[in-house]
Structures are given as C-alpha cells and as structure tokens.
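Asker:
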Amino acid sequence: MMTQSRPPSATAILFATFAAITAAEPLAQAPTGDEIMLFSELPEVVSASRQKTSLAGATVAISVVQSEQLHADRLRSLPEVLRRLPGLDVLDIDRGHAAVGVRGLHGLFSDRTLVLLDGVPFENVSLGGADWHRLPVGVGDLDRIEVVRGPASAAWGANALNGVINLITAPPEDRLGTIVTVGADQWGDALGAISVAELSGQTAWRLSGGYRDLRSSAETVDVDSSAGDDAVRTGRVAIDMSTPTALGALTAMAGWSGGEVGSYEFIGYDPNRPVRIDSLRSQIRLNSGGRDDALATSVILHGHYDRVLEPQLVDRGETWRIGTTAQVDIDGGMGHRVTLGCDGDTTRVSYTTGDDREEFTFGGPFQEWRVGLFGIDRWNLGSGFTSEVQLRGERYTGTGNDWGGRATILYDVGGDQRHVLRVGGARAYRTPYPSLRQGVANRGWINVPGFGSLSVIGLRPDPGGVTNERVWSVEAGYTGRLTDRVLLRLDGYWMRYQDLLGAEIFTRPTPIPGVIYSDTVLDNYDGARALGGEVELTWTGELGRVGLWYAFNEFVADRDDQAIRAFEPARHKVGATARAELPANFAATGGYRFATATYQDPVVSRSKVASVAEPIAAQGFHRIDLELAWTFDRKQGEIAVGVDDLFNQTPTTRSTGSFQSHAVPGRTIYLRAGWSF
3 MMTQSRPPSA TAILFATFAA ITAAEPLAQA PTGDEIMLFS ELPEVVSASR
53 QKTSLAGATV AISVVQSEQL HADRLRSLPE VLRRLPGLDV LDIDRGHAAV
103 GVRGLHGLFS DRTLVLLDGV PFENVSLGGA DWHRLPVGVG DLDRIEVVRG
153 PASAAWGANA LNGVINLITA PPEDRLGTIV TVGADQWGDA LGAISVAELS
203 GQTAWRLSGG YRDLRSSAET VDVDSSAGDD AVRTGRVAID MSTPTALGAL
253 TAMAGWSGGE VGSYEFIGYD PNRPVRIDSL RSQIRLNSGG RDDALATSVI
303 LHGHYDRVLE PQLVDRGETW RIGTTAQVDI DGGMGHRVTL GCDGDTTRVS
353 YTTGDDREEF TFGGPFQEWR VGLFGIDRWN LGSGFTSEVQ LRGERYTGTG
403 NDWGGRATIL YDVGGDQRHV LRVGGARAYR TPYPSLRQGV ANRGWINVPG
453 FGSLSVIGLR PDPGGVTNER VWSVEAGYTG RLTDRVLLRL DGYWMRYQDL
503 LGAEIFTRPT PIPGVIYSDT VLDNYDGARA LGGEVELTWT GELGRVGLWY
553 AFNEFVADRD DQAIRAFEPA RHKVGATARA ELPANFAATG GYRFATATYQ
603 DPVVSRSKVA SVAEPIAAQG FHRIDLELAW TFDRKQGEIA VGVDDLFNQT
653 PTTRSTGSFQ SHAVPGRTIY LRAGWSF
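When you read off a place in the sequence shown, starting at 1, and then add 2, the result is the number in our numbering.
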C-alpha cells in the first residue's frame, strides 16, 4: 500500500512563487502593447449565467481550459485533462471508468456534477452521471472547457448540485484543414484522432473521428486476470456544420460513439463480460444577435439514443432523450441585461432482462418528461457595482417540482476589471433518475444442500420513494490582475446539503443457521455541510506560462455512519502547470498534482454487525507529468514524447458499491505524432 506523504505547504509555494515572479518582473523585457492587451482581456465564459461575461465578471467560481492546451492534449481522455483543475476530484477506477466531481461527491454513477456538451446535458438518463466513452467528439475538437464550481441549477437545471462541466466545441471554420494524430505507449495502447474541416462558400463543415485501444490492467500491471479485465476498445465519428441564414447562424451536429469497455464488479457481481456501448447524438442550433445587440435569441433542438449491454446491471438497456431550449437576451435599459428562457425534454428508459438472476429488475419502461422556466437579470448598478439574480422553476414527472436560485453582487474596485470582488448565495437540486428510484437486485447467491439457492445481498429503494437532494450555498471570491502578467483568483464557499440520497443496510437471519441476509435500502437519509476554497495564481510571459493552485474542500456528513453513494472530496489538493517555448521549435510542458486520501461511504450495517466499506477509497498521492514536443515544417508536423505519473503513484481505487479493486497502470511513457495540412 502506498505510504501517504505529507502535503507541501500550498501557501508557502504560492507566496514564494509570486514573490519570485513579481521580483523578476523588472528584469524581463517589457511586454509590448499587444501582449498586454491579449493578457488583460480575460477569456469570455458563458457557463456562469448563460450570458457571455469576462472571467472577472462571472458570478460564480469558474475555471477554463483553453484551446491551446486542448490541442496539445487531443489524445487524452477528458478525465485526464480535468484532473489539472482546482477543486476537481478525479479518480481512475479502472482503465475504462473514472470518477469526476466538482468538490467531490463523485462516483461511478454519481450525478451531482452536471456535464454539458455545448450547453446540452450529457448524462445517463437511466443511472445518472457522465459516461465519457459516449462522447461523439474528442478533446481536440473542443474550443474550451468551462468548469463551474458551485451550485448552478438556476442556470442549468437539475443535477448541477456541486457544479457544471461545459464542453464547448470549436466551430469548424476555426479548424479548417486536416489534422491527424496518433499515439502509443509502453503498454501497447494505441490512440488516434482525425479532423477534416473545409469551407464551401459560406458553409463550414467538419468530419472528425477517433479511437482508443487500451490493454487491460491484467496485461499491463500483472494483477488478477479476472479483476483486471478492463480493456477498452472504443471509437467515435461526428459531422458538424455551420452556415449563416436569414434568421441567424445555424449549426448542426450528429455523431456516434461506441465500443467495448472491460468488465467490472458491482455489488458483489462481476460477470467477466465486457460492456457494449452504442450512442447516437444530434443537435441543431440557431443563434441570432450577440451580447452587444438589443435582442439576441438562441433555439436548440437535441436528441440522443443509447444502447448499453451492461451485464453488471441488466442484459440490455435503451434510453432515448429528445429536448429543446429557447432563450432570449434583452437589453432591458437602465443597465439591465435580461435573459428569459425555457427548456424541456422527454425521456424513455427501457430494459430487457435476461436469464441471469444477478441482474437488476427495474420495471418500466419509463416515459418521463421535464420542463423548466428560467430568468436572469444582470444589472449594472453604477459606481463599480453589478448585481445578478438567477431563478428557475422546474417540473419533473419523476420527483415533482423544484427550484434553483442564485443572487450575486460584484464590485469592480477600479472600474477596469483589474480587481473584482464577489459575494453571493445559491440553491440547487438533484433529481434521482429511474434506476435509483426503481432498481431492485438480489445478489450473492449461494447453493445450500437441502435448501437450494439463496441470495444474501439485496438492494432496493425505500418503499416510500426517494426525492430530490438540495443544497444551499454562501460564496465569496476575488479576481485580481496583480500585474499585466500575473492573475490571482480566490474563491471560498460554505454549503448545506439536505436529503442526500444514501444507503443503509438492514440485516435479518435466513433459514440457514449462521447466514445473514443484508438488505441495502436507498433513501434520503440525512444532510451534510461543506466548506473550503481555491487559490489560483497564473503568470503568463512571452515564452511560456506558469500556474499554481491550492484547494481545500471539506465535507462533513451529519452522521458518522452516513452513506452518500459517492466519494468524499480529497481535503487538500495542490497543483502546478507550466509550459515553456524553447529554441529550435521545442516546447516543454509539465504538470504536478497532490491530493490527500479520498474517503468513501462508511456504509455500516444497521445492526452494527460489520462495516461493508473501508473508509479510504484511494490513498493520497503525488503525480508529475512531463512532455517535450518538437514542431517542424512550419509547425505543421509535431512529435512529442512524455511520461505520465513519473513517480508511479497512481492509487488503487475501490469504487462505491464495489468490494474489489485492482491496480491500474501508473508511470506511462508515450509517443505522439501529428500532422496538419
């Protein structure tokens, strides 16, 4: 087992680095006016309030991964990219599954962080949570990733309980030409991606695709061949286009993703058969006007179909989702910018049960719908003050009515967005999907002579039904450009959770002497509180960029033995990123991350017979990633060599709901080659 290291002092690191940066500033060549302008114009974001605002003017803590970094990471998975951001908890459960959460509460099927693809929910409408293998686009197809840290149901609806991850694709007209990238590593993994974009008249289109062929942990790190049979073989293809029309800018996308992901154990059952995924997604969007226009509108139609053969749960599952969003932004006069809109969708979930008695039974099929109304008012009060109020009401046939809200005051100290203070509060909610409300399983079957077969593990929802989870938060933040090269961001929060959905185990004797039946019941048991904050310090120079961050995320359940069906956040997290442009067209990048131990559900039997889960799901770890890239032929070609997890400290993670865990590849040496033309 890994020995947990003492975390470095993040305050000391940040202070020392800032002192060195600012002290060295007069010695550096003075930046040109263009360079100062580029840095002083912070990126615009849309995920904080559905309106375009500068990063400093956002009403909630938000981080952005920009296009340049995404291009360099175009063969990585999204969890690998997200682990570099402050306040995010990312754990590799196996080669095919990762748990990702804003400020924790992440897990294999946890959906307390809402994932969006171009503003449209991307989640499993049966179990909840995001399955990254179902994305029809790759990291290299994205323009940026915006991560909202804090409750965001007022803007985006249900399940934005802790935050939002919004994946925003790049318009095809911004990526004209052909880009081909391939990669391989020491384990024999093979990865590839291609994008072809052309402009025909005023219409831009793009065809993109990719594949991932990852060898199993059993083949790479010599673990038990059954537990480590987690090979991944997936592919994707998508086509998108954009064109101007008399009504506005029209964009459309359609894509497929699918393949096989290795087997895993869940609630005591591992069928040793891979999971088969097929996913179709489409979206049509019509936008007119912009932020500076008196009137701007946006209409989205979207749909997706998923077919999953997942023997850990059911022989075959199919889900459909069709939805729409309409939004209008209005210049309300007197300093007001008002957003009004509605969104809704209908979902269908059906299951086909086979002859495996370990399968879940869900009933159904389920036909459900959801509709929401939202309004946002951003008001320039003058004297550097801006207020923003967000309000949403939503009706979901699965759990009824609920609402989300956010109120924020911003103060621009100097009137130039160099120093901006923020204080606010929010309310958000999470709606459990059909599988959590209806799923029943009997597992742990044993054969007893004279008695026949007997199940000793059960799982079911409370007969009285489960309801929504809710959270209230109080937040404060500061964004400051300390110099034209140095950006400092401070964010703090306090949160109060209510009606968290968890599990309790009730035991009873069976007809077999000495054999106990454990009945796990899902219900809204108790709440919790969370508090913490994040510090980010970024320096941008002519030849590179350095970023440092520290996150303190504490979560305390109301009861010591309370289960939340998810991982708690790692209490302390430290990160650093750096990129340097070197002579002869070389570039070096590096990343560091430290996290303390991650704790999982303390699921304790109601009869206090035994603890079902160990308290620590993953030990604390340090991780260092390094890469050296060389571009040639006027930067059209690129070759890169790198190593991930230099000190081989990737922890073994036991997922919530599982009794087994196994090691996954840690230190990995890889080679990547790309060509654009």
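C-beta atoms are modelled at their ideal positions from N, C-alpha and C, and glycine is treated no differently.
A quick note: this is a predicted structure, and the numbers were derived from the prediction, not measured.
On the three-state DSSP scale, how would you describe A220?
Answerer: If you number the sequence shown from 1, residue 220 lands on position 218. Here A220 sits in helix by DSSP.
Asker: Suppose you measure from the CA of R408 to the CA of H338; what does that come to, to the nearest Å?
Answerer: For the purposes of this step, residue 408 is taken as residue 406 along the sequence shown, with counting starting at 1. For the purposes of this step, residue 338 is taken as residue 336 along the sequence shown, with counting starting at 1. Cα to Cα, R408 sits roughly 17 Å from H338.
Asker: Exposed or buried, which one is P515 when buried takes at least 16 other CB atoms within 10 Å?
Answerer: Against the sequence shown, residue 515 aligns to sequence position 513. Under this definition P515 is an exposed residue.
Asker: Could you pull the start and end residues of the alpha helix (DSSP H) that A156 belongs to?
Answerer: Locating residue 156 in the sequence shown gives position 154, counting from the first residue. Taken as a continuous stretch (DSSP letters only), the alpha helix (DSSP H) holding A156 covers 155-158.
Asker: Take the Cβ of S112 as the centre, count every other Cβ of all protein chains shown within 10 Å, and call the residue buried at 16 or more, exposed below.
Answerer: Along the sequence shown, one-based indexing puts residue 112 at 110. So S112 counts as buried.
Asker: In terms of residue numbering, what span does the alpha helix (DSSP H) encompassing P81 cover?
Answerer: The count along the sequence shown starts at 1 and reaches residue 81 at position 79. Taken as a continuous stretch (DSSP letters only), the alpha helix (DSSP H) holding P81 covers 80-84.
Asker: Do you know offhand how far V316's Cα is from G270's?
Answerer: One-based indexing of the sequence shown puts residue 316 at position 314. One-based indexing of the sequence shown puts residue 270 at position 268. Roughly 15 Å separates the two Cα atoms.
Asker: Given I671, which residues of its chain have a CB within under 6 Å of its CB, disregarding the five upstream and five downstream residues?
Answerer: If you number the sequence shown from 1, residue 671 lands on position 669. Only Q188, V645 meet the Cβ criterion.
Asker: Pick from G482, D345, Q651: whose alpha carbon is nearest that of A328?
Answerer: Counting from 1 along the sequence shown, the entry for residue 328 is found at position 326. Taking only the C-alpha atoms, the option nearest A328 is D345.
Asker: Helix, strand or coil: which one does DSSP assign to P123?
Answerer: Your numbering for residue 123 matches position 121 in the sequence shown. Correct three-state label for P123: strand.
Asker: Of all the options D525, V517, E538, G460, which has the alpha carbon lying nearest to the alpha carbon of D493?
Answerer: Stepping through the sequence shown from its first residue, residue 493 is reached at position 491. The candidate whose alpha carbon is nearest that of D493 is E538.
Asker: Excluding five sequence neighbours on each side, which residues of the same chain lie with their C-beta closer than 7 Å to the C-beta of G577?
Answerer: The residue labelled residue 577 in the question sits at position 575 within the sequence shown. Cβ within range, chain order: R86, P88, W551, Y594, R595.
Asker: At a cut of 8 Å, does the stretch 397-405 reach the stretch 369-389 through at least three beta carbon pairs?
Answerer: The answer is yes - the stretch 369-389 touches the stretch 397-405, with three or more Cβ pairs under 8 Å.
Asker: Enumerated in chain order, which unbroken segments of the alpha helix (DSSP H) with a length of 4 residues or greater are wholly contained in the stretch 457-532?
Answerer: With a minimum length of 4 residues, no continuous alpha helix (DSSP H) run stays inside the stretch 457-532.
Asker: What does G306 pair with, by DSSP beta-bridge criteria?
Answerer: Here residue 306 is taken as the residue at index 304 of the sequence shown, counted from 1. Position check: residue 306 holds His in this sequence, whereas Gly was assumed. R283, R323.
Asker: How would you label L57, buried or exposed, when you count the other beta carbons within 10 angstroms and need 16 or more for buried?
Answerer: Position 55 of the sequence shown, counting from 1, holds the residue named residue 57. Burial call: buried.
Asker: Check W189 in the structure and name its three-state DSSP category.
Answerer: Taking the first residue of the sequence shown as position 1, residue 189 is located at position 187. W189: coil per DSSP, three-state reduction.
Asker: Quick one: grab the DSSP three-state call for S609.
Answerer: Residue 609 sits at position 607 when you count from the first residue of the sequence shown. Below a pLDDT of 50, predicted positions are generally treated as unreliable, and S609, at 38, falls in that range; the measurement from the model is reported next regardless. Correct three-state label for S609: coil.
Asker: State buried or exposed for I448, treating a residue as buried only when at least 16 other CB atoms are found within 10 Å of its CB.
Answerer: Your numbering for residue 448 matches position 446 in the sequence shown. Flag for I448 reads exposed.
Asker: Measuring only the C-alpha atoms, how far is V558 from R238?
Answerer: Taking the first residue of the sequence shown as position 1, residue 558 is located at position 556. Taking the first residue of the sequence shown as position 1, residue 238 is located at position 236. Cα to Cα, V558 sits roughly 40 Å from R238.
Asker: Tell me the residue span of the beta strand (DSSP E) that contains A74.
Answerer: As a position in the sequence shown, residue 74 is number 72, starting the count at 1. No beta strand (DSSP E) contains A74, which is instead part of the alpha helix (DSSP H) from 69-74.
Asker: If we call anything under 7 Å between Cβ atoms a contact, is L216 one with R97?
Answerer: Translated into positions along the sequence shown, residue 216 becomes position 214. Translated into positions along the sequence shown, residue 97 becomes position 95. Yes; because the gap between Cβ atoms is below 7 Å, this pair is in contact.
Asker: For A619, which residues from the same chain have a beta carbon less than 7 Å from its beta carbon, with the 5 sequence-adjacent residues on both sides left out?
Answerer: Counting from 1 along the sequence shown, the entry for residue 619 is found at position 617. Cβ within range, chain order: F569, T600, Y601, Q602, T655, R656.
Asker: Quick one: residues in its chain with C-beta nearer than 7 Å to the C-beta of P653, no 5 flanking neighbours on either side, listed in chain order?
Answerer: The sequence position of residue 653 within the sequence shown is 651, counting from 1. Same-chain partners within the cutoff: M4, A620, Q621, F623.
Asker: Go to Q685, then tell me how far its beta strand (DSSP E) extends in each direction, as first and last residue.
Answerer: The question about residue 685 has no answer here: the residues shown for the chain are numbered 3 through 679.
Asker: Going by alpha carbons, who is nearest to E477 out of P246, G402, V62?
Answerer: Taking the sequence shown and counting its residues from 1, one reaches residue 477 at position 475. That would be V62, whose Cα lies nearest to the Cα of E477.
Asker: Near P10, what residues of its chain come up, given a Cβ to Cβ distance below 8 Å and the 5 sequence neighbours on each side ignored?
Answerer: As a working note, residue 10 is residue 8 in the sequence shown. Low confidence applies here, because P10 scores a pLDDT of 42, under 50, leaving its location unreliable; read the following figure in that light. V576, F596.
Asker: Please report how far the alpha carbon of A461 lies from the alpha carbon of F268, in whole angstroms.
Answerer: The residue you call residue 461 lines up with position 459 of the sequence shown. The residue you call residue 268 lines up with position 266 of the sequence shown. The sequence given here places Leu at residue 461; Ala does not occur at that position. Rounded to whole angstroms, L461 to F268 spans 12 Å at the Cα level.
Asker: Nearest to A298 by CA position, among T341, Q204, A586, S457, is which residue?
Answerer: Taking the first residue of the sequence shown as position 1, residue 298 is located at position 296. It is T341 whose Cα lies nearest to the Cα of A298.
Asker: So G264 packs on V234, CB below 8 Å; how close in whole Å?
Answerer: Translated into positions along the sequence shown, residue 264 becomes position 262. Translated into positions along the sequence shown, residue 234 becomes position 232. Their Cβ separation, rounded to whole angstroms, is 7 Å, which keeps G264 and V234 in contact under 8 Å.
Asker: Assuming V468 contacts L438 under a Cβ cut-off of 8 Å, what Cβ separation, rounded to an integer in Å, is found between them?
Answerer: As a working note, residue 468 is residue 466 in the sequence shown. As a working note, residue 438 is residue 436 in the sequence shown. Rounded, the Cβ-Cβ distance is 7 Å, consistent with contact.
Asker: Strictly under 7 Å for the Cβ-Cβ distance: is S385 near chain D by that measure?
Answerer: Chain labels in this structure do not include chain D; a single protein chain is all it has.
Asker: Kindly list the residues whose CB is nearer than 6 Å to the CB of T591, restricted to its own chain and excluding five residues on each side of it in sequence; keep chain order.
Answerer: Residue numbering aside, residue 591 sits at position 589 when the sequence shown is read from its first letter. The residues are R581, E629.
Asker: Just confirm the distance between the C-beta atoms of T481 and V422, as a whole number of angstroms; I'd bet it's less than 8 Å.
Answerer: On the sequence shown, position 479 is the one that residue 481 refers to. On the sequence shown, position 420 is the one that residue 422 refers to. With a Cβ gap of about 5 Å, T481 and V422 count as contacting.
Asker: Alpha carbon to alpha carbon, what distance is there between E312 and S219?
Answerer: By one-based count along the sequence shown, residue 219 stands at place 217. By one-based count along the sequence shown, residue 312 stands at place 310. Rounded to the nearest angstrom, the two C-alpha atoms are 20 Å apart.
Asker: What do you get for M336, buried or exposed, if any count of 16 or more other CB atoms within 10 angstroms of its CB means buried?
Answerer: Counted from its first residue, the sequence shown places residue 336 at position 334. Classification of M336: exposed, given that the 10 Å Cβ count is below 16.
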